[in-house]
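Visitor: Starting off with a structure, shown below.
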Amino acid sequence: MSRSASFLALLLSACTCSRDPTEGALADNVGEAFAACNEAEIRFLAAKHNVQLVFAPCGSNNFSSYRWAPDGTRIFFQLVLSANVMDANAADKRTITLPIPKPVGSPAWLGDTRVAVPVAAAEEGGDVRIALYEVPATPEPGDQAVGTLAGSAELIPLPGLVAADQLTRGEGAGELLFAGRRAADGPWEILRLDLGERAVSPAFPSVSGAFDTFTYAAEQGLVVLGHGDTVRVVDAATGEERDRWTPARRGSLDATGRWLLLEHAGSAISVFNQRTWGEISEQARKREEARGEAFAERLPEGMDRVVQPPTLSVADREGGGRWTFTAALGDGATWYPGSPGWISFFLWGFEGKQVKRNVALWDVSGHLAAIANGEERFALEPFEAPADDGEGPGEPAPDVE
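Per numbering that gives the first Met the number 0, residue 0 is the first one in the sequence shown, and the count goes up by one each step.
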């Protein structure tokens, strides 16, 4: 068994739960929407949908970014003021804090142990920098499991740039791609840092158009650009647009180039009345909805009554069409490098109910096989454009243009 496969098996066993902890627990009032984190419920829902949680279900999971190493055994995660790496393959999940300045964007792994992180300028108004750090191999049992690493990172200034984010490995370990800004209110540019020459240059001169998010599929030579509510797949060499998807805010291609993982804002749901599938009877659900509506009418003006949960879908660029994952909700999704057909994302909730934020792993290979074979699968639905008024699904979105 591979190291990443062993890690996945360990996570799966940790999420096992045999009984629905919410069974028979009917809500008495809308205030239950603000109840404390229910670890048993989260573990049950994760196991129900074969979703694996990387961190404790009710921990203080204030993550701003994460990234898996290429071999899938280490995960970088950023908290408010620190950059950390957890050895997810170790039995004790040992975690270390990197000795680098304050991170200011999402990182990239250049190899199984080398990580690049954008960090703050040395002085106010100065150039943003890239910190390179070589994470040591897994310590032997008995060594320090938690703490700050010794040594220092290599810091590379990025001349003329005030911001750097969305780092990703380029064609090789000596090339780093990233989104950079030359002014605080300026547009993002996709730039390339040659780590040998320490030179920054445009990464894809033929690619044009504003973007908020970008991902790069080196195997296919394709750039995926998200801007507003549209995602475009563009040839990195020619700038030719291959396909376009809307509504979508961010996209990520798998290694084959067939499957495009997309993120969008889902249909609006009540902030105060969130229940998982089958948790209560339809009659009780209607009573709760009526209570929630009455409660919302008494709220101060400007306070949110509904939320559009971050929702994941997948587009079949070979066979056509798009499907929504309805069981687990989240964003920041990537294809997990440790096992084909697995995705990782920031967990928002399950079955329309928000839970504590976490990093999740999900085997969607069965979902992809069902799409490819024209079969139905539980919690996988043909895509429909979300409604933002809480009334349910809207009109179907167009397929690939």
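Glycine included, every Cβ here is placed at the ideal spot set by N, Cα and C. Note that the structure is a prediction, hence the values are computed from the model and not measured.
1. Considering Cα atoms alone, identify which of P339, V53, L379 is closest to A90.
2. Sorted by chain position, which residues of the same chain lie with C-beta nearer than 7 Å to R356's C-beta, five sequence neighbours on each side aside?
3. Here's the rule I'm using: 16 or more other beta-carbon atoms within 10 Å means buried, otherwise exposed. How should A107 be labelled?
4. By alpha-carbon positions, which one of G348, E375, W244, I342 ends up nearest to A314?
5. Taking the alpha carbon of E383 as the reference point, which residue from G348, W341, T323, Y335 has its own alpha carbon closest?
6. Determine the closest residue to Y215 out of E170, A121, P186, with distance taken between C-alpha atoms.
7. Quick check: what's the CA-CA separation for V233 versus M85?
8. Take the Cβ of F377 as the centre, count every other Cβ of all protein chains shown within 10 Å, and call the residue buried at 16 or more, exposed below.
9. Tell me whether K352 is buried or exposed, calling it buried when 16 or more other Cβ atoms sit within 10 Å of its Cβ.
10. I'd like to confirm the pairing. Which residues does DSSP put opposite D477 in its beta bridges?
11. Taking DSSP as the reference, what is the three-state secondary structure of L80?
12. Rounded to the nearest angstrom, how far is the Cβ of G225 from that of G250, given a contact under 8 Å?
13. Could you check the C-alpha separation between E380 and T325 for me, to the nearest Å?
14. Answer yes or no: do R241 and R316 have a C-beta to C-beta separation smaller than 9 Å?
15. With DSSP run on the structure shown, which of helix, strand or coil describes L261?
16. Assign E153 to one of two classes, buried (16 or more other C-beta atoms within 10 Å of its C-beta) or exposed (fewer than that).
Guide: Well, looking at it:
1. Residue numbering aside, residue 90 sits at position 91 when the sequence shown is read from its first letter. When only C-alpha atoms are compared, the closest one is V53.
2. Stepping through the sequence shown from its first residue, residue 356 is reached at position 357. Excluding sequence neighbours, R356 sits near N60, F62, F345, L346.
3. Taking the first residue of the sequence shown as position 1, residue 107 is located at position 108. Buried, because 16 or more other Cβ atoms sit within 10 Å of the Cβ of A107.
4. As a first step, residue 314 must be located in the sequence shown, where it is residue number 315. Answer by Cα proximity: W244.
5. Here the question's residue 383 lines up with position 384 in the sequence shown. Nearest of G348, W341, T323, Y335 to E383, Cα basis: T323.
6. In the sequence shown, counting from the first residue as 1, residue 215 sits at position 216. Y215 has its Cα closest to that of E170, out of E170, A121, P186.
7. Residue 233 sits at position 234 when you count from the first residue of the sequence shown. Residue 85 sits at position 86 when you count from the first residue of the sequence shown. Near 34 Å, if we compare the C-alpha coordinates of M85 and V233.
8. Residue 377 sits at position 378 when you count from the first residue of the sequence shown. Exposed: under 16 other Cβ atoms inside 10 Å.
9. On the sequence shown, position 353 is the one that residue 352 refers to. When all chains shown are included, K352 counts as buried.
10. Past the boundaries of the shown model lies residue 477; the chain is included only from 0 to 400, so the question cannot be answered.
11. The sequence position of residue 80 within the sequence shown is 81, counting from 1. Correct three-state label for L80: coil.
12. Counted from its first residue, the sequence shown places residue 225 at position 226. Counted from its first residue, the sequence shown places residue 250 at position 251. The Cβ separation is near 6 Å, so the contact holds.
13. Here residue 380 refers to the residue found at position 381 of the sequence shown. Here residue 325 refers to the residue found at position 326 of the sequence shown. Their backbone Cα atoms lie some 7 Å apart in a straight line.
14. Within the sequence shown, the letter at position 242 stands for residue 241. Within the sequence shown, the letter at position 317 stands for residue 316. Yes.
15. For the purposes of this step, residue 261 is taken as residue 262 along the sequence shown, with counting starting at 1. It is a strand residue.
16. Here residue 153 corresponds to residue number 154 of the sequence shown, with the count starting at 1. Exposed, because fewer than 16 other Cβ atoms sit within 10 Å of the Cβ of E153.
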